[in-house]
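J.: One structure, pasted below without further comment.
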Amino acid sequence: MASIALKSDDSIPPRRGIIFILSAPSGAGKTTIYRAALKAIAGLEFSISLTTRARRKNEAEGIDYSFVSEEEFKRRQSSGELAEWARVFESSYGTPRAPLDAAIASGRDILLDIDIQGARQIRRSYPGDSVSIFVLAPTFEELAERLRGRATEDESKIKHRLQKAREEAQAYPEYDYLIVNAEIPKSVARLETIVNAERLKVSRLRGEFAPWKS
């Protein structure tokens with residue numbers, strides 16, 4: 001059966017926008033999932049995070065991340081411009097607040113690729129407007145195989161990531177949904193199901209459904 005993505009003109013009553021949070025340990029396939037989801041799910045936008053780490057060869061400024069200095073990051077943090085921030089592997093990451101507020105107010109849905117620390121902050125700041133999804137590899141052994149298959153880091157760094165992955169995996173009960181990523185197409189389809197279901201929640205409506213208002 002073909003997948004059907006709900007669009008803004010599909011007779012859906014006016015509603016508040018939704019912040020979809022996607023978190024996972026390194027190697028679980030989160031990045032591949034969200035990139036495919038942005039193409040497959042109509043009306044889903046990506047939140048561009050700030051980071052102080054160096055840009056990788058396959059990354060583009062303003063598409064994957066906004067790359068800033070530590071000084072600029074601290075300035076935005078201290079001025080209240082960030083909805084969440086965290087220190088991960090000796091680099092800082094953060095989510096600008098303004099795009100999230102604008103999306104919620106205008107009924108647009110936005111996807112965040114953030115770690116567990118950031119997800120906790122977003123859930124506290126946007127308790128009724130955020131939905132959290134955790135992604136795990138089917139087994140720890142498969143996760144280790146994926147990280148080693150990247151061939152981008154030495155064994156000591158891989159072991160550090162694996163240890164952190166074990167710790168991070170314990171946080172999945174905090175989340176609203178869990179996706180076990182064995183196959184990317186199935187994982188994207190599950191994410192699409194989550195998005196469409198959340199869009200139909202009565203609690204997100206702006207007032208009464210107009211055609212039935214007395």
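In my numbering, the protein residues as written are 1 to 214.
For every residue, glycine included, the Cβ atom is placed at its ideal position computed from N, Cα and C.
Model, not experiment: these values are computed from the prediction.
For a quick check, are the C-beta atoms of E45 and L111 less than 8 Å apart?
T.: Result yes, Cβ atoms of E45 and L111 sit closer than 8 Å.
J.: Whole angstroms are fine: how far does the CA of P13 sit from the CA of L205?
T.: Taking the straight line from one Cα to the other gives about 7 Å.
J.: For the ligand NAD, any of its heavy atoms closer than 7 Å to the Cβ of Y172?
T.: This structure lacks the ligand NAD; in fact it carries no ligand of any kind.
J.: Going straight from the alpha carbon of R123 to that of A171, what length do you get?
T.: Their Cα atoms are separated by approximately 14 Å.
J.: Which runs of the beta strand (DSSP E) at least 3 residues long sit entirely within the segment 4 to 73? Give them in chain order.
T.: Complete beta strand (DSSP E) runs here, min 3: 19 to 23, 44 to 46, 49 to 51, 65 to 67.
J.: What is the rounded straight-line gap between the Cα of P99 and the Cα of D176?
T.: So the two alpha carbons sit approximately 23 Å from each other.
J.: Buried or exposed, going by whether 16 or more other CB atoms sit within 10 Å of the CB of R75?
T.: With fewer than 16 other Cβ atoms within 10 Å, it is exposed.
J.: Just the Cα atoms here: how many angstroms apart are M1 and A182?
T.: Reliability of the predicted coordinates at M1 is poor, the pLDDT of 43 falling under 50, and the value obtained from them is presented with this limitation in mind. If I take the Cα positions, the gap works out to 21 Å.
J.: In chain order, what residues of the same chain have a beta carbon less than 6 Å from the beta carbon of S49, not counting five sequence neighbours either side?
T.: Closer than 6 Å at the Cβ level, and outside the excluded window around S49, lie Y65, Y93, T95.
J.: What does DSSP give as the partner residue(s) for G94 in the beta ladder?
T.: Beta-bridge pairing links G94 to L50, W85.
J.: Nearest-angstrom Cα distance between L82 and F89?
T.: Whole-angstrom Cα-Cα distance: 19 Å.
J.: Just verifying my parser: in three-state terms, what is the DSSP assignment at Y172?
T.: Three-state DSSP puts Y172 in a helix.
J.: Can you find the residues in the same chain that come closer than 6 Å, C-beta to C-beta, to A119, ignoring five residues on each side of it along the sequence?
T.: Closer than 6 Å at Cβ, skipping near neighbours: I21, S23, S132.
J.: Give me, in chain order, the residues of the same chain whose beta-carbon lies closer than 6 Å to that of I194; leave out the 5 immediate sequence neighbours on both sides.
T.: Hits under 6 Å: Y177.
J.: Whose C-alpha, out of Q117, D113, R199, is nearest the C-alpha of G43?
T.: The residue with the shortest Cα to Cα distance from G43 is R199.
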